[in-house]
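Visitor: Take this structure, written in structure tokens, and hold onto it; I'll ask about it next.
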Amino acid sequence: MSDDEALESVGTLIDLATALSSEPAVTRSFEQLRSIERRDLTPANRAILHYYRANAWGAKRAVTAVPGPREWEQPNREKQIFELLCASYRTGFDDLDPVRQCQVLTNLGIQLNEVGRFVEAIEIWDRALAILPNFAMALGSRGTGLKHYALASADRYALEILLLYAERSFMATTAPGTLWDAPYPPSIRRYFKQRGQEIADRLDLEAIARDFDPERTNLGRSGAERAYRAWCLKRRLFLNPLNDVVDAPVAAEDYLMLPPLTVSHDTSGMPPVIGLFNQMKQEFAFARLMLFESVSEGGEDRVHFADRRVRLFNTLDYPSYSMATEKMRTAFRLAYGLLDKVGYFINDYWNLGTPVHRVGFRSVWYTDGDLRLGLQDRFATYENWPLLGLFWLSKDLFEEKMQQATNPDARELFILRNHLEHKYLHITQGWASTNSAERSTGDLGITIGSDAFGAKALRLLKLARAAMIYLALAVHREERLKSDGREPTIVMQMPLTHFEDRWKR
């Protein structure tokens, strides 16, 4: 049996196992996948292998599911997400048939959305729709994700715009020429259409669309500011839900804020998490600027004045030494550090009581910050959708005590950060081979090309953005939960005013 035939056979077996809810068939599919994995597969078939293994984990999750409240820890879904990411990261992914590419991305988005990571899911579905704009499951799933996003939002304006785009995605599945990649039951098509109709029945979408002017403002006063904001918009780097549906000037501001916080009547001063969130936003904005400047300056033909008269040896391995490269390093450091700060915010705001020396974004969810002790009791089935997304986003990171991660490159990001902060990270010119450079670092450091490092810095910045959006929305949700049964004589809301731009001197 050829590689293609073997993969097709195991794919059919997995579908059958799911349809029949057969655990033995699921077990058999894993055995076949292990057998196929030992073959000398092409990069494209290796990507397909990861896709089918993801489907097998999904089948196992479905077959072994137990009715009850949604549990935060879902090991089988973790493995499913890991395999889908492996499939999408593989060099062979670009060699796949466009329909298969869309299947991988659509399924990945669905799994992320199921665990509250709707911000990232929407971007992944948009990647699928950039390949095939009429891919039905990506359109319908995108509508679902946008609806979840809207309902989690505390801002009425953002809610209406997100629901406007959700309705458009839902109804696009009914358009002539829509591509359905499999013979889905009619109930799937009805579901998407009904969800779109529900939004249309509850909102005056024509009025919302008429009043929504994406170009109603400008991108800034100077050419440099306009270039910066346009670059950020294209990469969805504003702390603004609108930037997840448009890359127009209306989304070019970081207006995401914390809500007024519920505090005890005898509390003095501002809750410290407000200042922490302010600082996180400021650091995010600076990291974003540093990455933009590193990219824009790196392509220029001139030398930065601060690089002049800094004497260096030529190590003959095409090193990248410049202020632009240092700005890229700074963006990476700050973005990773922001994720650490999210852990401290969670520990303080949710009063988890984890000892400070054990707090980490990856570990804060667990009793005393120890994975072996299990999740904090309050989180096991906690109903806070954005907070669940934040928990699952933390699984993308690698820590020494928690080495299993849902993202294939988590360990590499951890190692890069460790070398960047404490050892020797040698960055070479993007066009240069790293083979000789790796020899020059010895055991002291590691080498990476500037293009690859810039891509990883951008990925970290996107992770930090998603984390901050989930965090703000989770606090909004928590404050609503607190208000449902609170006694006004015991607690009060801390009023908040804005820090004006003109004060930032």
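The C-terminal residue of the sequence shown carries number 608 in the numbering used here, and the numbering is unbroken.
C-beta: ideal position from N, C-alpha, C; glycine also.
What does a CB cutoff of less than 6 Å around residue 549 pick up in its chain, not counting 5 residues either side in sequence?
Guide: 522
Visitor: Residue 572 to residue 210, Cα distance in whole Å?
Guide: About 23 Å.
Visitor: Could you please give me the residues that DSSP links to residue 550 through a beta bridge?
Guide: 529
Visitor: Based on Cα-Cα distance, which residue from 165, 194 and 172 lies nearest to residue 180?
Guide: 165
Visitor: Within 10 angstroms of the Cβ of residue 276, are there 16 or more other Cβ atoms? Answer buried if so, exposed if not.
Guide: By the 10 Å Cβ count, residue 276 comes out buried.
Visitor: Taking buried to mean at least 16 other C-beta atoms within 10 Å of its own C-beta, is residue 585 buried or exposed?
Guide: Residue 585 is exposed by the Cβ-count criterion.
Visitor: When you compare only the Cα positions, how much space is there between residue 609 and residue 169?
Guide: It is not possible to answer for residue 609, since the shown part of the chain is limited to 104 through 608.
Visitor: Do you know whose CA, among 421, 464 and 577, lies nearest residue 485's CA?
Guide: 577
Visitor: So, using beta-carbon positions, are residue 221 and residue 282 closer together than 7 Å?
Guide: no
Visitor: Pull up the distance between the alpha-carbon of residue 539 and that of residue 422, whole angstroms please.
Guide: Caution applies to residue 539, whose pLDDT of 47 falls short of 50 and renders its modelled position unreliable; the model cannot decide the point.
Visitor: Skipping 5 residues on each side, what residues in its chain have a beta carbon closer than 6 Å to that of residue 230?
Guide: So the list reads 208, once near-sequence residues are dropped.
Visitor: In chain order, what residues of the same chain have a beta carbon less than 8 Å from the beta carbon of residue 200, not counting five sequence neighbours either side?
Guide: So no residue of the chain qualifies.
Visitor: Cβ atoms of residue 376 and residue 452: under 7 Å apart, would you say?
Guide: yes
Visitor: For residue 615, which beta-bridge partners are listed by DSSP?
Guide: No information on residue 615 is available, as it lies outside the stretch 104 to 608 that the chain covers here.
Visitor: Is there contact between the stretch 558–567 and the stretch 328–345, where contact requires at least three CB pairs shorter than 8 Å?
Guide: yes
Visitor: Can you tell me whether DSSP reads residue 366 as helix, strand or coil?
Guide: strand
Visitor: Using a Cβ-based criterion (distance less than 6 Å to any ligand heavy atom), does residue 489 qualify as near the ligand GDP?
Guide: The model on display carries no ligand, and the ligand GDP is accordingly not part of it.
Visitor: Assuming residue 575 and residue 361 are in contact, meaning their beta carbons sit under 8 Å apart, how far apart are those beta carbons, in whole angstroms?
Guide: The Cβ separation is near 6 Å, so the contact holds.
Visitor: Please state whether DSSP places residue 136 in a helix, a strand or coil.
Guide: Judged by DSSP in its simplified three-state form, residue 136 adopts helix.
Visitor: Under the DSSP definition of a beta bridge, which residues are partnered with residue 469?
Guide: 478
Visitor: Could you pull the DSSP bridge partners for residue 238 from this structure?
Guide: Residue 238 pairs with 282.
Visitor: Does the beta-carbon distance from residue 433 to residue 373 come in below 7 Å?
Guide: no
Visitor: Residue 390 and residue 351 - do their beta-carbons sit closer together than 7 Å?
Guide: Contact: no.
Visitor: Please identify the residue among 535, 490, 242 and 217 whose C-alpha is closest to the C-alpha of residue 228.
Guide: 242
Visitor: Assess contact between the stretch 108–127 and the stretch 137–154, defined as three or more Cβ pairs (one per stretch) separated by less than 8 Å. Is contact present?
Guide: yes
Visitor: Cα separation between residue 100 and residue 105?
Guide: Since the first residue shown for the chain is 104 and the last is 608, residue 100 is missing from the structure and cannot be characterised.
Visitor: State the DSSP-derived secondary structure class of residue 108, mapped to helix, strand or coil.
Guide: helix
Visitor: What does the alpha-carbon distance come out to for the pair residue 287 and residue 120?
Guide: 17 Å
Visitor: Where does residue 124 land, buried or exposed, given buried means 16+ other C-beta within 10 angstroms?
Guide: exposed
Visitor: Give the straight-line distance between the Cα atoms of residue 255 and residue 223, rounded to the nearest whole angstrom.
Guide: Residue 255 and residue 223: Cα-Cα distance of roughly 15 Å.
Visitor: Helix, strand or coil: which one does DSSP assign to residue 540?
Guide: Only weak support exists for where residue 540 lies, its pLDDT of 46 falling under 50; the coordinates are left without a value.
Visitor: Are the stretch 424–432 and the stretch 461–473 touching by the rule of at least three beta carbon pairs closer than 8 Å?
Guide: no
Visitor: Please state the DSSP three-state secondary structure of residue 592.
Guide: Interpretation of residue 592 is limited by its pLDDT of 45, a score under 50 that renders its predicted location unreliable; no figure is taken from the coordinates.
Visitor: Ignoring anything shorter than 3 residues, give me the beta strand (DSSP E) runs that lie fully in the stretch 276–328, in order along the chain.
Guide: Counting only unbroken stretches of 3 or more residues, no beta strand (DSSP E) element lies wholly within the stretch 276–328.
Visitor: Give the straight-line distance between the Cα atoms of residue 116 and residue 498, rounded to the nearest whole angstrom.
Guide: 30 Å
Visitor: Near residue 185, which residues of its chain fall below 6 Å by C-beta distance, leaving aside the five closest residues on each side in sequence?
Guide: 509
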